[in-house]
Amino acid sequence: MFRRVDVPVLGIVENMSYFCCPNCGHRTDIFSHGGARAEAEKLGVDFLGEVPLDIAIRETSDGGAPIVMSQPDSPHAKVYRAIAAQVWAKVGGAGARRAGPRIVVE
Numbered sequence: 001m002f003r004r005v006d007v008p009v010l011g012i013v014e015n016m017s018y019f020c021c022p023n024c025g026h027r028t029d030i031f032s033h034g035g036a037r038a039e040a041e042k043l044g045v046d047f048l049g050e051v052p053l054d055i056a057i058r059e060t061s062d063g064g065a066p067i068v069m070s071q072p073d074s075p076h077a078k079v080y081r082a083i084a085a086q087v088w089a090k091v092g093g094a095g096a097r098r099a100g101p102r103i104v105v106e
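Numbering (the UniProt record's numbering), first residue to last: 1 to 106.
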């Protein structure tokens, strides 16, 4: 659909990619794993990263203080910053200046 309407896809992120038990540290792929990476390869777009399923992400977001702001040094915040850095680089960073889309009404 995005290609039909000429919307650029900057990449794909696998949300709720895995769960790490807070008690034992064991990683579990609750919802399967790797589907987003496979889809990115299939579509020829970048795979931007894996966001874990974690209660701290939900609690901080619901509380109005997302994890990147409330716990900036946490591993989860680092995941979000790495994804954001890739997107920022793709759109040209601070010096980017692109013309807006040309809208044609027929």
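We put the beta carbon where it would ideally sit given N, CA and C, even for glycine.
Annotation for valine 79: the continuous alpha helix (DSSP H) segment containing it runs 75-90. Between tyrosine 18 and leucine 53, the gap from beta carbon to beta carbon is short of 9 angstroms. Following the DSSP letters along the chain, one finds isoleucine 12 inside the beta strand (DSSP E) bounded by residues 12-14. Per DSSP, cysteine 21 has no beta-bridge partner at all. Exclusion of the five residues before and after glycine 63 leaves no residue of its chain whose Cβ lies closer than 7 angstroms to its Cβ.
Residue pairing by DSSP puts glutamate 50 in a beta bridge opposite Glu14. When the beta-carbon positions are compared, alanine 65 and glutamate 50 stay at least 9 angstroms from each other. In this structure, the straight-line span from the alpha carbon of glutamate 41 to that of glycine 93 is close to 24 angstroms. The closest CA to that of glycine 11, considering only Arg102, Val87, Thr60 and Glu106, is found on Val87. Membership of aspartate 62 in the alpha helix (DSSP H) is indicated by the continuous run 55-62. With fewer than 16 other Cβ atoms inside 10 Å of its own Cβ, threonine 28 counts as exposed.
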